[in-house]
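*Asks:* Input: one structure, supplied below.
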Amino acid sequence: MSSPDRLLRACRSVLVLGALALPLGGCLRPLYGEAKIGGGLVDAGLKSIVVDQVQDRLGHYLVEELGFELNGSGEQVPHRYRLTMNVRENVQAAIVNTATGRADSATIMATVDFALVEINGGREIMRAKAFASASYDRSPQRFAAVRAARDAEIRIAKTLADQLRTRIAAKLATGT
Numbered sequence: 087m088s089s090p091d092r093l094l095r096a097c098r099s100v101l102v103l104g105a106l107a108l109p110l111g112g113c114l115r116p117l118y119g120e121a122k123i124g125g126g127l128v129d130a131g132l133k134s135i136v137v138d139q140v141q142d143r144l145g146h147y148l149v150e151e152l153g154f155e156l157n158g159s160g161e162q163v164p165h166r167y168r169l170t171m172n173v174r175e176n177v178q179a180a181i182v183n184t185a186t187g188r189a190d191s192a193t194i195m196a197t198v199d200f201a202l203v204e205i206n207g208g209r210e211i212m213r214a215k216a217f218a219s220a221s222y223d224r225s226p227q228r229f230a231a232v233r234a235a236r237d238a239e240i241r242i243a244k245t246l247a248d249q250l251r252t253r254i255a256a257k258l259a260t261g262t
C-alpha cells in the first residue's frame, strides 16, 4: 500500500465522521448554559423554586442546602414552582466490635421522594426519588459519635441537594 492510498483513506474517514457528526451537533448543549424555559433562563427557573420545610434534622439540612443550590444569591424572585419532599433515613451498623459488643461504624442511607409542582395551576412538572449514603465511625465517646453522625447527615444533604438541583435543571432545560 502506498502513501497516497493512506492519505486518501484518512481524508475519506474524516469526511465520513464529519458527515455523521454534523446532524448531531445541535443535540448537545451544556446543562448550566443559557438554555431557555418558557421565555426565561434555567437559572431564573431554579431561583423561582420555593422549597417546603421538612421536619426532621436531615430534612432541615437538605432544605438549607437546596436554598443555597437553587438560589445562592439570595435574590428575591417571584415563586413559580414548589418543591415538596419526603425524607426517610435508615441507619445500619455493619461492623460490631466483639470485645465491647458495640458497632464501630455505621452507614446512614437516605431516600428523598420529591415533586416539583407549578404554583399557578398545580401542574406536576416532575416526581422522582433520590438516594444517598454516608458512613461514619462510632466512637466510645458520646459527643464524638453524635457529631460524626451529624456530619454524615450534612454530607448526605449536600449530595442530595446537588442531585436534586441537577435533575430539576435538566427537567427545566428540556421541558419534557
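Going by my numbering, the first residue of the sequence shown is number 87, and it counts up by one from there. Beta carbons are placed, not taken as given, at the ideal position from N, Cα and C, and that holds for glycine. Nothing here was measured: the structure is a model prediction, and the numbers come from that model.
1) Does the Cβ of phenylalanine 200 have 16 or more other Cβ atoms within 10 Å, making it buried, or fewer, making it exposed?
2) Reducing DSSP to helix, strand and coil, say where alanine 259 ends up.
3) Report buried or exposed for alanine 234, applying the criterion of at least 16 other Cβ atoms within 10 angstroms of its Cβ.
4) By a C-beta neighbour count over all protein chains shown, 10 Å radius and 16 as the cutoff for buried, is asparagine 176 buried or exposed?
5) Does DSSP put glutamate 150 in a helix, in a strand, or in coil?
6) How many Å lie between valine 243 and threonine 186 at the Cα?
7) Is the Cβ-Cβ distance between leucine 169 and leucine 132 less than 8 Å?
8) Less than 8 Å between the C-beta atoms of alanine 196 and alanine 179, yes or no?
9) DSSP puts valine 198 in a beta bridge; with which residues?
10) For arginine 209, does the three-state DSSP call read helix, strand or coil?
11) Which of the three DSSP states is assigned to glutamine 178 in this structure?
*Replies:* Let's see:
1) Walking along the sequence shown from the start, residue 200 turns up at place 114. Label assigned to phenylalanine 200: buried.
2) The count along the sequence shown starts at 1 and reaches residue 259 at position 173. DSSP places alanine 259 in helix when its eight states are reduced to three.
3) Locating residue 234 in the sequence shown gives position 148, counting from the first residue. Label assigned to alanine 234: buried.
4) Taking the first residue of the sequence shown as position 1, residue 176 is located at position 90. Answer is exposed; the Cβ neighbour count stays below 16.
5) Here residue 150 is taken as the residue at index 64 of the sequence shown, counted from 1. If DSSP states are grouped into helix, strand and coil, glutamate 150 belongs with the helices.
6) Counting from 1 along the sequence shown, the entry for residue 243 is found at position 157. Counting from 1 along the sequence shown, the entry for residue 186 is found at position 100. Here the sequence assigns alanine to residue 243, which means valine is not the residue at that position. So the two alpha carbons sit approximately 32 Å from each other.
7) Here residue 169 corresponds to residue number 83 of the sequence shown, with the count starting at 1. Here residue 132 corresponds to residue number 46 of the sequence shown, with the count starting at 1. No. Outside cutoff.
8) Position 110 of the sequence shown holds residue 196. Position 93 of the sequence shown holds residue 179. Going by C-beta atoms, alanine 196 is not nearer than 8 Å to alanine 179.
9) Mapped onto the sequence shown, residue 198 falls at position 112. Per DSSP, Val173, Ala216.
10) Taking the sequence shown and counting its residues from 1, one reaches residue 209 at position 123. Coil, per DSSP.
11) Stepping through the sequence shown from its first residue, residue 178 is reached at position 92. Of the three classes helix, strand and coil, the one that applies to glutamine 178 here is strand, per DSSP.
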